[in-house]
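Scroll down for the structure; my scribbles are underneath it.
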Amino acid sequence: VGILLVALMAVGTYFFLGSKTDTVQTPEKIVRIGLSLDTLKTQRWTVERDIMTEKALEQGAVVTTLVAEGDDAKQISQIENFISQKVDVIIIVPHDTTAQNEVLARAQAAGIKVINYDRLTQGSTPDLYLSFDSIKVGEVGARYVVNAIPDTIKVPDVAYLAGSPNDNNAHLVSSGVMSVLDPLVASGTINLVYNEFTTEWSPDVAYKNLKAFLDNGGHVDAVVTASDALAYGAIQALAEHDLAGKVPVSGQDGELQAMQRLLNGTQTVSAYKPGRLLAEKAVAEALLFANGQTPETNAVMNNGFMDVPSYLIDPVAVTKDNIDSTVIADGTYTRGQVYITE
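This note's numbering numbers the first residue of the sequence shown as 10 and each following residue consecutively.
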């Protein structure tokens with residue numbers, strides 16, 4: 010009887026508490042973040058997706074990732090999916106920086122905040138832009154490559170492999186590169202013998218373009234590229250002309266293979282963008298938006314339509330001399346991953 014009485018009291022308490030909805034604490038709303046990625050072909054996007062997912066879970070939020078695989082129509086459809094799901098915030102790395110404007114406007118009309126992640130949509134109204142300072146990225150690569158050219162070469166021939174023409178970041182990086190190279194060209198200090206965009210940031214296209222230039226009698230003493238992927242393609246072309254390791258080459262992103270190329274001497278510098286910092290910042294800003302708060306900003310970037318509130322992080326120049334104190338020290342890679350020959 011005593012056991013039955015305790016059980017009945019427990020049940021009664023359960024129903025009593027359940028009926029007093031005005032006094033029971035309900036769980037806070039789970040923040041839902043839609044992550045729209047252009048591609049996962051570049052290593053950084055996989056890494057940063059995982060960081061965002063992990064960081065959101067720590068904060069009780071959920072990240073749903075959809076990957077467009079370089080297809081604008083697919084990315085638009087995926088954003089429509091996020092609108093239907095009624096996510097709180099969309100974080101987007103757009104494939105084309107103008108193609109998604111209309112669907113993103115519909116998302117905002119539905120009360121969804123839009124964060125441009127590392128690529129700024131043009132002619133649109135994003136709520137926030139998060140990125141690294143792409144102009145400084147370009148400056149870092151160009152400056153290190155120029156400084157690495159031997160003094161014995163009086164007027165060196167420099168090639169520049171820019172990023173994809175449909176990515177505003179590529180244009181920003183190019184601005185930084187040319188801020189270093191243009192004065193040197195004007196003064197006759199260097200010759201800029203190659204300066205072309207590279208479709209879809211493709212290492213294969215970079216390889217084919219530089220190979221064609223060299224095969225046709227072109228000459229280079231240094232190569233500036235807009236990414237580590239392009240550096241990889243360029244180095245393949247250089248290797249076929251017995252120039253790999255003899256010509257300074259720059260990149261950006263701090264990719265693992267780039268770290269290994271720094272060590273073997275085929276790449277000179279990578280403008281490292283600490284992806285963990287940006288990915289964690291994206292989640293923090295998304296949570297502020299979802300809770301009706303104002304995100305942190307430190308810059309504005311114009312996208313041809315408006316000055317977009319922005320948060321920019323400076324890149325770090327990584328060379329063979331500071332790998333340990335940069336990408337290894339901050340946990341991006343382990344020593345075993347980088348020094349694979351040890």
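Backbone N, C-alpha and C define an ideal beta-carbon position, used for all residues, glycine too.
*Thinking C-alpha only, which one of Ala-231, Val-232, Ala-240 is nearest Trp-210?*
Comparing Cα-Cα distances from Trp-210 to each of Ala-231, Val-232, Ala-240, the minimum goes to Ala-240.
_Distance CB(Asp-136)-CB(Val-229) smaller than 9 Å_ = With respect to the 9 Å criterion, Asp-136 and Val-229 are not classified as neighbours on the basis of their beta carbons.
*For Ile-332, which residues from the same chain have a beta carbon less than 8 Å from its beta carbon, with the 5 sequence-adjacent residues on both sides left out?*
Result list for Ile-332: Met-268, Leu-271, Leu-272, Val-347, in chain order.
*Along the chain, where does the beta strand (DSSP E) that runs through Met-310 open and close?*
Counting along the chain, the beta strand (DSSP E) containing Met-310 begins and ends at 308-311.
*Nearest candidate by alpha-carbon position, reference Ala-179, set Ala-231, Glu-289, Lys-145, Val-292*: When C-alpha distances from Ala-179 are compared across Ala-231, Glu-289, Lys-145, Val-292, the shortest belongs to Lys-145.
*What number of angstroms, rounded off, separates the C-alpha of Tyr-342 from the C-alpha of Leu-49?*
Approximately 19 Å between the Cα atoms of the pair.
*To which residues of the same chain is Glu-78 closer than 7 Å at the C-beta, ignoring the five residues directly before and after it?*
Excluding sequence neighbours, Glu-78 sits near Thr-48.
_So, does the segment 149-157 touch the segment 124-140, judging by three or more C-beta pairs under 8 Å?_
Cβ pair count under 8 Å is below three, so no.
*asked:* For Ala-248, which residues in the same chain have their Cβ closer than 6 Å to its Cβ, ignoring the five residues on either side in sequence?
replied: Once the five neighbours on either side are set aside, Ala-248 has no close Cβ partner at all.
*Just the C-alpha distance for Asp-127 and Gly-254, rounded to the nearest angstrom, thanks.*
Straight across, the Cα-Cα distance linking Asp-127 with Gly-254 is about 31 Å.
*Minimum length 4: unbroken alpha helix (DSSP H) runs contained in the segment 187-250*: Taking only runs of at least 4 residues, the alpha helix (DSSP H) segments lying wholly in the segment 187-250 are 212-224, 237-249.
*Of the choices His-104, Thr-106, Asp-105, Ile-100, whose alpha-carbon is the least far from that of Ala-116?*
Ala-116 has its Cα closest to that of Ile-100, out of His-104, Thr-106, Asp-105, Ile-100.
*Mind the definition here: the segment 169-177 touches the segment 203-218 only if three or more C-beta pairs lie below 8 Å; say whether that holds.*
Cβ pair count under 8 Å is three or more, so yes.
*Meets three-Cβ-pair contact criterion under 8 Å: the segment 318-336 and the segment 82-95*: Cβ pair count under 8 Å is below three, so no.
*Would you call the CB atoms of Gly-242 and Val-214 closer than 9 Å?*
With contacts defined as CB atoms closer than 9 Å, Gly-242 and Val-214 qualify as a contacting pair.
_Best match in Gly-260, Trp-54, Ile-337, Glu-63 for proximity to Pro-212 [C-alpha to C-alpha]_ = Of the candidates Gly-260, Trp-54, Ile-337, Glu-63, the one whose C-alpha sits nearest the C-alpha of Pro-212 is Gly-260.
*For Ser-334, count neighbouring C-beta atoms within 10 Å of its own C-beta (all shown protein chains included) and say buried if the count is 16 or more, exposed if not.*
So Ser-334 counts as exposed.
*Tell me the DSSP bridge mates of Pro-318?*
According to DSSP, which records beta bridges pairwise, Pro-318 is partnered with Val-309.
*Give the C-beta separation of Val-76 and Arg-41 to the nearest angstrom, bearing in mind that I take them to be a contact with Cβ-Cβ under 8 Å.*
Actually they do not touch by this definition, with Cβ atoms about 18 Å apart.
*Which two residues bound the contiguous alpha helix (DSSP H) that contains Ile-144?*
DSSP places Ile-144 inside the alpha helix (DSSP H), whose first and last residues are 143-157.
*Which class does Gln-276 belong to by DSSP, given the choice of helix, strand or coil?*
The answer is coil: DSSP assigns Gln-276 none of H, G, I, E or B.
*How about Tyr-281 and Val-232: are their beta carbons less than 9 Å apart?*
Cβ atoms of Tyr-281 and Val-232: not closer than 9 Å.
_Beta-carbon gap between Asp-339 and Arg-285 smaller than 9 Å_ = Yes. Within cutoff.
*Nearest residue (CA-CA) to Pro-103, options Ile-88, Asp-142, Val-96*: Considering only Ile-88, Asp-142, Val-96, the residue with the shortest C-alpha distance to Pro-103 is Ile-88.
*Would you check if the distance between the CB atom of Leu-1 and the CB atom of Tyr-169 is smaller than 9 Å?*
A query on residue 1 cannot be resolved here, the shown segment of the chain reaching from 10 to 351 and no further.
*Other residues of its chain near Lys-64: CB distance less than 6 Å, five sequence neighbours each side excluded*: Only Glu-289, Val-292 meet the Cβ criterion.
_I need the DSSP call for Glu-89, collapsed to helix, strand or coil._
When secondary structure is reduced to three states using DSSP, Glu-89 falls in the helix class.
*Does DSSP classify Thr-35 as helix, strand or coil?*
Summary for Thr-35: the model assigns pLDDT 38, below 50, so the residue's position carries little reliability; its value from the coordinates is reported in the next sentence. In the structure shown, Thr-35 falls within a coil segment according to DSSP collapsed to helix, strand and coil.
*For Asp-237, the nearest candidate out of Glu-264, Asn-177, Phe-314, Ala-299 (CA to CA)*: Out of Glu-264, Asn-177, Phe-314, Ala-299, Glu-264 has the C-alpha closest to the C-alpha of Asp-237.
*Can you tell me whether DSSP reads Ala-326 as helix, strand or coil?*
In this structure, DSSP gives Ala-326 an extended state, which the three-state scheme calls strand.
*Excluding the five sequence neighbours on either side, which residues of its own chain have a C-beta within less than 6 Å of the C-beta of Ile-162, listed in chain order?*
Contacts found: Asp-230.
*The alpha helix (DSSP H) enclosing Ile-60, as first and last residue numbers*: Under the DSSP assignment, Ile-60 falls in the alpha helix (DSSP H) whose first and last residues are 52-67.
*DSSP state of Val-336, grouped into three classes?*
Three-state result, Val-336: helix.
*What three-state label does DSSP hand Asp-81 in the structure shown?*
Three-state result, Asp-81: helix.
*asked:* Residues in the same chain with beta-carbon distance under 6 Å from Thr-62, minus the five sequence neighbours each way, listed in chain order, please.
replied: Non-local beta-carbon contacts of Thr-62 in its own chain, meaning distances under 6 Å to residues more than five positions away in sequence, involve Val-72 in chain order.
*Looking at the structure shown, is Ile-349 part of a helix, part of a strand, or coil, going by DSSP?*
When secondary structure is reduced to three states using DSSP, Ile-349 falls in the coil class, being assigned neither helix nor strand.
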